[in-house]
Structures are given as C-alpha cells and as structure tokens.
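Quick note: the sequence shown uses the numbering used here, first residue 194, plus one each step. Written out below as structure tokens is the structure these notes cover.
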Amino acid sequence: MVSVKQEGSVETLVPAYVDSTTFVNSPSVPQSSSARQGLVAGVQQRSGDDCESVTLPNPSQISELLSKTISDAHTRTCLYTLEHIHEMFRKPHDLSRLLFYKNMAHEELWLECAQKLTTIIQQIIEFAKMVPGFMKLSQDDQIVLLKAGSFELAIIRMSRYLDLSQNCVLYGDTMLPQDAFFTSDTAEMKLVSCVFEVSKSIAELKLTETELALYSACVLLSPDRPGLKGIGEIGRLSQAVVRALRLELERNHSLPIKGDVTVCDALLTKIPTLREISMLHMDALGKLKRSAPHLEFPALHKELFSVDS
Numbered sequence: 194m195v196s197v198k199q200e201g202s203v204e205t206l207v208p209a210y211v212d213s214t215t216f217v218n219s220p221s222v223p224q225s226s227s228a229r230q231g232l233v234a235g236v237q238q239r240s241g242d243d244c245e246s247v248t249l250p251n252p253s254q255i256s257e258l259l260s261k262t263i264s265d266a267h268t269r270t271c272l273y274t275l276e277h278i279h280e281m282f283r284k285p286h287d288l289s290r291l292l293f294y295k296n297m298a299h300e301e302l303w304l305e306c307a308q309k310l311t312t313i314i315q316q317i318i319e320f321a322k323m324v325p326g327f328m329k330l331s332q333d334d335q336i337v338l339l340k341a342g343s344f345e346l347a348i349i350r351m352s353r354y355l356d357l358s359q360n361c362v363l364y365g366d367t368m369l370p371q372d373a374f375f376t377s378d379t380a381e382m383k384l385v386s387c388v389f390e391v392s393k394s395i396a397e398l399k400l401t402e403t404e405l406a407l408y409s410a411c412v413l414l415s416p417d418r419p420g421l422k423g424i425g426e427i428g429r430l431s432q433a434v435v436r437a438l439r440l441e442l443e444r445n446h447s448l449p450i451k452g453d454v455t456v457c458d459a460l461l462t463k464i465p466t467l468r469e470i471s472m473l474h475m476d477a478l479g480k481l482k483r484s485a486p487h488l489e490f491p492a493l494h495k496e497l498f499s500v501d502s
C-alpha cells in the first residue's frame, strides 16, 4: 500500500487541485498552484451564477478545444522540441559513446535505462494532469491509469526520437542503434525489439504533434484497465478523445494507408500491442529483480512498476 504522503510517489505527483474538465486557453508556461485554484474558483462561480446565459459548444467545437488543450499539454511536457531532435539527428555519431553503451554491464544498463524512463514518465504524469477530465477522476483511478499506461505512453513518445533513415534513436545526446540495448537475455532482447518495432511503426505514420498528443491521451484514458472504478466517466472521456483524434487525422491524413485501412485504424489496432509490450517489460523487470534484489531503482520507477503487486 502506497502512502499518500510519500515523497516522489505517484500520489504526490497528481495532487487533486486542478479541475481540468473546463477548457481554458493554457499559457505558454505552467501556472502556479494558486493561479490554477483561482482560475477554477472563477469558472465554478460563473457556472453557478450565469448558467442561463451559457451556450454549450457543439461536438465539433468540443473536439477542437480538446485537441488544442491536449496538444498544448503535450508540447509543454516534452523534454525536447522536434526542431532540437532533428538537429541532433544531423550531428555526427559519437563512436566513443556508442561503445560506452554497448560495453555497459547488464545491471548498469538496466539502471541507466530506468533513470531515463523515469525522467520521461515524470513528464508523462504532468501531461496526464493537463488532459481535460483526468484530475476530476478519483485519485485511485488516476493512479491505476498511470501505472497501467505510463510505459505505453513512453513508447509512443519514443517515436519522436527515432531517425528512420539511420534506424537509430536519440538517447540523451547520443544516437544509438537498437542493438546497443541488447543483452544476453532472450526475454530482454524480445522486449527491446518489440519496443523499437512498434515505436518505428508509429514514427512511419508521420503524425503531427497534435495527433501524437491525442493518441497518447487515448491510450491513457483506457476505460478497460483492471481495477478502475469510474469506468463510465473514463469511457466518456475516452470517446471524446477518440472522436477528436479521428477528426484531426481525417483532416491531415485523408487517404487510407493500405486498402481501406486509415491512419486512425492503424493507431487503434496498435493499442493491444502496446499492452503486450508493457507486460513484457514487467516480466523482464521482475526476472531481473529476482536475480539482482540489491539493485536500487528510482523511487517513482519502483512505485509505477512494482513487481510485487
């Protein structure tokens, strides 16, 4: 059982002070807690005092607002802009760094990847907090969604860092091929191969940042995660996000990619694959922790990927 007051825990990273079911124009920099509280109070006051004069937006307007809000959340929580990433793609490879990672000891490589993953997941949690409706869910449901979906969202974000022409990923400040992450363990090699394969297949669809953001929100707000209580509410949020994703994709990818398969169809069919890879990760991590119980992973990593529960 996780303590709510535990520092670095999922609970402390998703404090329930934001009412993000109300669509607002997000500023270019995050607001302070007090500013958010003031905004929420103002919205609640207006909704109570002036409800007769409020005109509800139509479904198309809701989708547009949803797309804008989620896209803004994605932009504000990505570690690097696409411009920076593509600039790094063009830099000459540092062979010494490549050899450094290829020669890294097995346990050391796991801890290195866990640290990088934890940094990305901290941003994913911030993204989730800004997805409309997420902070209105019960804290238990927020935690279930984050524990179940954070690795999947990390794979989706990884697609931004893949250079398809070089078949390499930007890892920190180094371009690394897939085999730099291989170990002698068969299960771990399968995990790495699957992560690269699905991330590459997403990158090949050439999604815009808004489309990638909406797809991430769609995966996050999966109402069929085991242990959820507010399934109806999460289901409604999920349907709204999928509707916005479809509209965005129809606008930018009107032609089917193969036969009558649309880009949206292709993305939605990858969701079961993402879940399978997440399970592969848990299995490989559990095996490692049983063989090397002395390894100390980052606190947030331990909490999200608890192999004991």
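Heads up, the beta-carbon is just placed ideally off N, CA and C, and yes, glycines get one too.
Exercise for the section: Would you identify the three-state DSSP class for Leu363, choosing helix, strand or coil? Expected result: Taking the sequence shown and counting its residues from 1, one reaches residue 363 at position 170. In this structure, Leu363 counts as strand in the three-state DSSP scheme.
Exercise for the section: Kindly indicate which three-state DSSP category Val324 falls into: helix, strand or coil? Expected result: Locating residue 324 in the sequence shown gives position 131, counting from the first residue. Coil at Val324, not helix or strand.
Handout entry: Reference Arg468, options Asn445, Ala380, Leu346, closest by Cα
Key = Here residue 468 corresponds to residue number 275 of the sequence shown, with the count starting at 1. Nearest option by C-alpha distance: Leu346.
Handout entry: Distance between Lys295 and Ala415 (C-alpha atoms, nearest Å)
Key = As a first step, residue 415 is located in the sequence shown; it is residue number 222 there, counting from the start. As a first step, residue 295 is located in the sequence shown; it is residue number 102 there, counting from the start. It should be pointed out that residue 415 corresponds to Ser in this sequence rather than to Ala. Each residue's alpha carbon lies about 37 Å from the other.
Handout entry: Cβ contact check for the stretch 385-392 and the stretch 430-438: 3 or more pairs under 8 Å
Key = no
Exercise for the section: Ignore the nearest five residues each way along the sequence and tell me which others in Ala373's own chain have a CB closer than 6 Å to its CB. Expected result: Position 180 of the sequence shown holds residue 373. Closer than 6 Å at Cβ, skipping near neighbours: Tyr294, Lys295.
Exercise for the section: Could you check if Gln335 is buried or exposed, using at least 16 other CB atoms within 10 Å of its CB as the buried criterion? Expected result: The residue labelled residue 335 in the question sits at position 142 within the sequence shown. Burial call: buried.
Exercise for the section: Would you list the one or two residues that DSSP bridges to Lys463? Expected result: Position 270 of the sequence shown, counted from the start, is the residue given in the question as residue 463. Partner(s): none; Lys463 has no beta bridge.
Problem - Counted within 10 angstroms of its Cβ, other Cβ atoms place Glu404 as buried (16 or more) or exposed - result: Position 211 of the sequence shown holds residue 404. Label assigned to Glu404: buried.
Problem - Classification of Gly136 by the beta-carbon crowding that lies within 10 angstroms, buried from 16 upward - result: Nothing can be reported for residue 136, as the shown portion of the chain is limited to 194 through 502.
Problem - Close-in-space but distant-in-sequence residues of the same chain around His267 (CB under 8 Å, 5 per side omitted) - result: As a first step, residue 267 must be located in the sequence shown, where it is residue number 74. The residues are Phe320, Glu402, Thr403, Leu405, Ala406, Ser409.
Handout entry: Under 8 Å between C-beta atoms of Gln308 and Pro491
Key = By one-based count along the sequence shown, residue 308 stands at place 115. By one-based count along the sequence shown, residue 491 stands at place 298. For Gln308 and Pro491, yes; Cβs fall inside 8 Å.
Practice task
Give the range of the alpha helix (DSSP H) segment to which Val454 is assigned.
Solution key: The sequence position of residue 454 within the sequence shown is 261, counting from 1. Here Val454 belongs to no alpha helix (DSSP H), and DSSP marks it neither H nor E.
Practice task
Look up Leu442 in the DSSP assignment and say whether it is helix, strand or coil.
Solution key: As a working mapping, residue 442 is identified with position 249 in the sequence shown. Helix.
Handout entry: Contact belief for Gln412 with Ile349 at Cβ below 8 Å, rounded distance in angstroms
Key = In the sequence shown, residue 412 corresponds to position 219, counting from 1. In the sequence shown, residue 349 corresponds to position 156, counting from 1. Looking at the sequence provided, one finds Val at residue 412 rather than Gln. About 7 Å; that satisfies the 8 Å criterion.
Practice task
Rounded to whole angstroms, what's the CA-CA distance from Lys463 to Leu310? Just pull it up for me.
Solution key: The residue labelled residue 463 in the question sits at position 270 within the sequence shown. The residue labelled residue 310 in the question sits at position 117 within the sequence shown. About 21 Å.
Handout entry: Per-residue DSSP class, three states only, for Asp243
Key = Locating residue 243 in the sequence shown gives position 50, counting from the first residue. Since pLDDT at Asp243 reaches only 41, below the 50 mark, its modelled position is unreliable, and no value is offered.
Practice task
Would you check if the distance between the CB atom of Gln316 and the CB atom of Leu272 is smaller than 8 Å?
Solution key: Stepping through the sequence shown from its first residue, residue 316 is reached at position 123. Stepping through the sequence shown from its first residue, residue 272 is reached at position 79. Yes, they are a contact pair.
Problem - Local Cβ density within 10 Å of Ser471, reported as buried at 16 or more and exposed below that - result: Within the sequence shown, the letter at position 278 stands for residue 471. Ser471 comes out buried.
Practice task
Could you have a look at Leu473 and say whether DSSP puts it in helix, strand or coil?
Solution key: As a first step, residue 473 must be located in the sequence shown, where it is residue number 280. Helix at Leu473.
Problem - Between the CA atoms of Arg444 and Val337 - distance to the nearest angstrom - result: The count along the sequence shown starts at 1 and reaches residue 337 at position 144. The count along the sequence shown starts at 1 and reaches residue 444 at position 251. Looking at the two C-alpha atoms, the distance is approximately 33 Å.
Handout entry: According to DSSP, residues forming a beta bridge with Asp356
Key = Counting from 1 along the sequence shown, the entry for residue 356 is found at position 163. According to DSSP, which records beta bridges pairwise, Asp356 is partnered with Cys361.
Practice task
Could you round the C-beta distance between His299 and Thr376 to whole angstroms and report it? I think they count as a contact, below 8 Å.
Solution key: One-based indexing of the sequence shown puts residue 299 at position 106. One-based indexing of the sequence shown puts residue 376 at position 183. Right, their Cβ atoms sit about 5 Å apart.
Practice task
Using the DSSP secondary-structure output, state which residues sit across from Leu258 in a beta bridge.
Solution key: Numbered from 1 along the sequence shown, position 65 holds the residue referred to as residue 258. DSSP output for Leu258 lists no bridge partner at all.
Handout entry: Short Cβ contact (8 Å threshold) for Lys322 with Leu497
Key = In the sequence shown, residue 322 corresponds to position 129, counting from 1. In the sequence shown, residue 497 corresponds to position 304, counting from 1. Result no, Cβ atoms of Lys322 and Leu497 do not sit closer than 8 Å.
Problem - Leu304 (DSSP reduced to helix, strand or coil) - result: Start at 1 with the first residue of the sequence shown, and residue 304 comes out as number 111. Note: Leu304 maps to helix in three-state DSSP.
Practice task
Starting from the C-beta of Ala380, find all residues in its chain whose C-beta is less than 8 Å away, skip the five residues before and the five after it, and write them out in chain order.
Solution key: Stepping through the sequence shown from its first residue, residue 380 is reached at position 187. Excluding sequence neighbours, Ala380 sits near Leu473, Asp476, Ala477, Lys480.
Handout entry: Closest residue to Cys361 among Met281, Val456, Gly423 (Cα-Cα distance)
Key = Counted from its first residue, the sequence shown places residue 361 at position 168. Taking only the C-alpha atoms, the option nearest Cys361 is Met281.
Exercise for the section: Compute the distance between the beta-carbons of Leu398 and Leu291, then report whether it is under 8 Å. Expected result: Residue 398 sits at position 205 when you count from the first residue of the sequence shown. Residue 291 sits at position 98 when you count from the first residue of the sequence shown. No, Cβ-Cβ distance for Leu398 and Leu291 is not below 8 Å.
Handout entry: Those residues which DSSP pairs with Pro370 across a bridge
Key = As a working note, residue 370 is residue 177 in the sequence shown. Paired residue(s): Cys361.
Handout entry: Burial state of Ile313, where buried means 16 or more other Cβ atoms lie within 10 Å
Key = Here residue 313 is taken as the residue at index 120 of the sequence shown, counted from 1. With 16 or more Cβ atoms within 10 Å of its Cβ, Ile313 is classed as buried.
Practice task
Determine the burial state of Thr270: buried for a count of at least 16 other Cβ atoms within 10 Å of its Cβ, exposed for fewer.
Solution key: Along the sequence shown, one-based indexing puts residue 270 at 77. Label assigned to Thr270: buried.
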